[in-house]
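Residue numbering for the sequence shown follows the working numbering, starting at 1 and increasing by one per position.
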Amino acid sequence: MTKTTNNYIEIFTDGACTGNPGPGGWCAILRYKNHEKILSGFDKNTTNNRMELTAVIKALEKIKRKSYIKIYSDSQYLIKGMTEWLQNWIKNDWKNSRKEEIQNKELWMKLYEFSKKHEIEWIWIKGHKGHLEN
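So this is what it looks like as structure tokens:
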């Protein structure tokens, strides 16, 4: 497994919600070389952030062996959570700067476990601005 080759998995995700909270859905596209798999789901009562996180979790659940993965998302919540906030949350027993338990803790904990198993590059893309997979 090396970043210098084209031997990586791409995951494109999105989540949305009407009402926030309200009914919502998520989608993930997994791509490896010439293979592609599309996953999707919904929840009757959720938030947009939960759907964004769920999309990534459902995609990562499909990857069985240690891999180099590029994850593309328009969710600042997801990308900043994994690249900027996560280490402080762990250090502070999953609490935010106000000493309150972080929202969606169980989902963040799952993402953290996946990040230990795989080498993941978290890439933010501007939402709905011509990116085909978004």
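All residues carry an ideal CB built from backbone N, CA and C; glycine is no exception. Since the structure is predicted, the reported quantities are computational estimates derived from the model, not experimental observations.
Exercise. Just list the alpha helix (DSSP H) runs in the region 57-92, keeping only unbroken ones of 4 residues or longer that don't cross its boundaries, in chain order.
Key: Entirely contained in the region 57-92, the alpha helix (DSSP H) runs reaching 4 residues are, in chain order, 76-80, 86-91.
Quiz item: So what does DSSP say about residue 31, is it helix, strand or coil?
Solution: By one-based count along the sequence shown, residue 31 stands at place 31. If DSSP states are grouped into helix, strand and coil, residue 31 belongs with the strands.
Self-check item: Host beta strand (DSSP E) of residue 94 (start-end)
Solution: Counting from one through the sequence shown, the residue named residue 94 turns up at place 94. It is not in any beta strand (DSSP E) - residue 94 carries neither H nor E in the DSSP assignment.
Self-check item: Residues that residue 121 bridges to, as DSSP identifies them
Solution: Here residue 121 is taken as the residue at index 121 of the sequence shown, counted from 1. The bridge partners DSSP lists for residue 121 are 70.
Practice problem: Identify every residue that forms a DSSP beta bridge with residue 39. | Solution: Taking the first residue of the sequence shown as position 1, residue 39 is located at position 39. Paired residue(s): 28.
Quiz item: Is DSSP giving residue 101 helix, strand or coil here?
Solution: The count along the sequence shown starts at 1 and reaches residue 101 at position 101. Residue 101: strand per DSSP, three-state reduction.
Self-check item: Nearest to residue 115 (by Cα), restricted to the options 96, 26, 46, 63
Solution: As a first step, residue 115 is located in the sequence shown; it is residue number 115 there, counting from the start. Checking every option, the nearest Cα to that of residue 115 belongs to 63.
Quiz prompt | Closest by C-alpha distance to residue 164, when choosing among 54, 65, 111 | solution = Any answer about residue 164 is impossible in this case: the structure gives the chain only from 1 up to 134.
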